[in-house]
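If you want the working numbering, it's the position in the sequence shown, counting the first as 1, plus 399.
Below is one structure, written out as structure tokens; comments come after it.
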Amino acid sequence: MPTLTLRFDTIVDDAARRQIEGLAGATATTMWRACPQFERTYALVALDERAALHLRAELQAKATVFPAPIIALAVLPQNAEALPLLAAALGGPGRPAGVYAASIVGDAFVVEWNPDRTLPRVVVGLIDLELRRFACGRRLELLAPLSPEVAAQIARDGLRTPQIGVDRELETLLDRAGLG
């Protein structure tokens, strides 16, 4: 079952969400996250192949459709002078292969990538490397909902525990039990 990530460059209201969920089909599952500060809404949609083709066709003028679950991260550096360097490192010609989009949005840098192609630790490592030039810290804000598989991957990497999987995530187990 394919999973798509949708990015809308506006805040999607409840009526529009229901309409999009209807386009995805009755068997689809959708997780939403609105980001008012960045005027964006993300949706993670798991659906069958035929519905995925239909949804892409219907939304191509209204949304950016990514062919996989992504991580969308806003980086808010303590020093705004670092923003162009972040954009060059993660959005320029030598960017990591999994990066779909990278841009400066106000006082933040937003990067969207496929964690199956580029590990989160690589992207965050590059961010921190560029910020070292300015000896400044940063705040990270997750913009898109994470699939259970991506959340497990991040937990495995961060905790250095290869046995962590979707079947060991409390949030996923509670959702499956109808308690989420």
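Glycine residues also receive a C-beta, built at the ideal position from the N, C-alpha and C atoms.
Those residues which DSSP pairs with residue i across a bridge
i	result
E511	A471, A500
T560	The partner list for T560 (beta bridge, DSSP) is empty, contrary to what the question assumes.
M430	L443
R538	L475
DSSP three-state assignment for residue i, whether helix, strand or coil
i	result
L545	coil
F533	coil
L518	coil
A442	strand
G550	The amino acid occupying residue 550 in the given sequence is Ala; Gly does not appear at that position. Note: A550 maps to helix in three-state DSSP.
A425	coil
Spatial neighbours of residue i in its chain, beta-carbon cut-off 8 Å, leaving aside the 5 residues before and after
i	result
F465	L403, T404, L405, R406, Y499, E511, N513
E356	For residue 356 there is no data in the structure shown, the boundaries of the chain being 400 and 579.
A501	L485, A486, L489, G490, R494, F508, V509, V510, E511
F437	A473, V504, G505, A507, V509, L542
Residues near residue i in its chain [Cβ-Cβ closer than 6 Å; skip 5 each side]
i	result
I526	V474
T428	A445
A467	N513
G497	W512, N513, R516, T517
L454	L422, A423
Limits of the unbroken beta strand (DSSP E) element including residue i
i	result
T409	Counting along the chain, T409 falls outside any beta strand (DSSP E), and DSSP gives it neither H nor E.
Below-8 Å beta-carbon distance, residue i vs any chain B residue
i	result
A450	Of the protein chains in the structure, only one exists, and it is not chain B.
Nonlocal neighbours in the same chain, by C-beta distance under 7 Å from residue i, ignoring five residues either side
i	result
L541	L472
R439	R406, F407, D408, L542
A462	L405, R406, F407
R520	D556
Inset, instruction - Identify every run of the alpha helix (DSSP H) within the segment 444-507, keeping only runs that are complete inside it and at least 4 residues long; order them along the chain. - result: 448-458, 482-490
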